[in-house]
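With the first letter of the sequence shown counted as 1, position 81 gets the number 381 in this note's numbering; the numbers rise by one all the way through.
In what follows, a structure is listed as structure tokens, so that the remarks can point back to it.
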Amino acid sequence: MKRSAARAAALIAALVLAGCGSGSGSSAAELSVSSAYMPQPVSDSMAAGFLTITNKGGTEDELTSVTSDVAGSVTVHETVDGTMREVDSLEVPAGGRIRLASGGDHLMFEKLKRKPLQGEKVTVELHFAHSGTVEVEMPVESATYTPDNGN
Ligand code: CU
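Listed below in structure tokens is the structure:
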């Protein structure tokens, strides 16, 4: 009687430990970036950038900041009723994707160190809460370029 109680207690302890170690069972965020481009800026000081971030993992992630070699400051903007405003971060849902596109969310490059020209590539580092830094080579397209992959 006493022995089986002790064995049951040991078994429960083992189960609790296993439960602690195995986590929730969902996979980590798995990010990829596609369709990145920057329209050649009209301004000497500001440019916009667009891209799509896909998360194939089972955990959400968050774009917390952006840096680039061509700009002193890169921020994430959303467009609400035609007015741009800065957002602190952008959530990338598990198994989902976010699309930064003309007329909507976009990257805002300010304090340009040089003016990006069509045919060049701009290096952009996307910093995520869980996945660390993802580096993107963003091609500079014509000022009027629109991607033909629709919405
Ligand atoms: Cu903007």
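No residue lacks a Cβ here, since even glycine has one placed at the ideal position from N, Cα and C.
Here the structure is a predicted model, which means the values were calculated and not measured.
Burial state of residue i (16 or more Cβ within 10 Å)
{"i": "Met438", "result": "buried"}
{"i": "Pro339", "result": "buried"}
{"i": "Val518", "result": "Missing from the structure shown is residue 518; the chain here goes from 301 to 451 and no further."}
{"i": "Leu417", "result": "exposed"}
{"i": "Val422", "result": "buried"}
Beta strand (DSSP E) segment containing residue i, residue limits
{"i": "Thr423", "result": "Lys421 to Phe428"}
{"i": "Ala348", "result": "Ala347 to Asn355"}
{"i": "Thr383", "result": "Thr383 to Val387"}
{"i": "Glu330", "result": "It is not in any beta strand (DSSP E) - Glu330 carries neither H nor E in the DSSP assignment."}
Nonlocal neighbours in the same chain, by C-beta distance under 7 Å from residue i, ignoring five residues either side
{"i": "His406", "result": "Ala348, Gly349, Phe350, His377 and Leu400"}
{"i": "Ala429", "result": "Asp361, Glu362 and Thr364"}
{"i": "Arg385", "result": "His377 and Glu378"}
{"i": "Ala443", "result": "Pro339, Gln340 and Val342"}
{"i": "Pro393", "result": "Asn355 and Glu360"}
Minimum C-alpha distance to residue i - residue among the options
{"i": "Lys356", "options": "Gly396, Leu417, Ala336 and Arg385", "result": "Gly396"}
{"i": "Glu433", "options": "Gly372, Thr446 and Thr367", "result": "The question names Glu, yet the displayed sequence has Thr at residue 433. Here the closest residue by C-alpha is Thr367."}
{"i": "Ser332", "options": "Asp448, Ser431 and Val440", "result": "Ser431"}
{"i": "Met346", "options": "Thr446, Lys415 and Val440", "result": "Lys415"}
Close-in-space but distant-in-sequence residues of the same chain around residue i (CB under 6 Å, 5 per side omitted)
{"i": "Ser327", "result": "Gly357 and Gly358"}
{"i": "Ser334", "result": "Thr352"}
{"i": "Glu425", "result": "Thr367, Thr433 and Glu435"}
{"i": "Val375", "result": "Checking the displayed sequence, the identity of residue 375 turns out to be Thr instead of Val. The residues are Glu386 and Met408."}
Cross-strand partners of residue i (DSSP beta bridge)
{"i": "Pro339", "result": "Glu441"}
{"i": "Gly366", "result": "Per the sequence presented here, residue 366 reads as Val, with Gly not at that position. DSSP output for Val366 lists Val374 and Leu426 as bridge partner(s)."}
{"i": "Gln391", "result": "Checking the sequence shown, residue 391 turns out to be Glu, not Gln. Its beta-bridge partners are Glu362."}
Close Cβ partners of residue i (< 8 Å) along its chain, the five nearest in sequence each way excluded
{"i": "Gly372", "result": "Glu410, Lys411, Leu412 and Lys413"}
7 Å Cβ cutoff, residue i in contact with chain C
{"i": "Ile353", "result": "Any reference to chain C falls outside this structure, which holds one protein chain only."}
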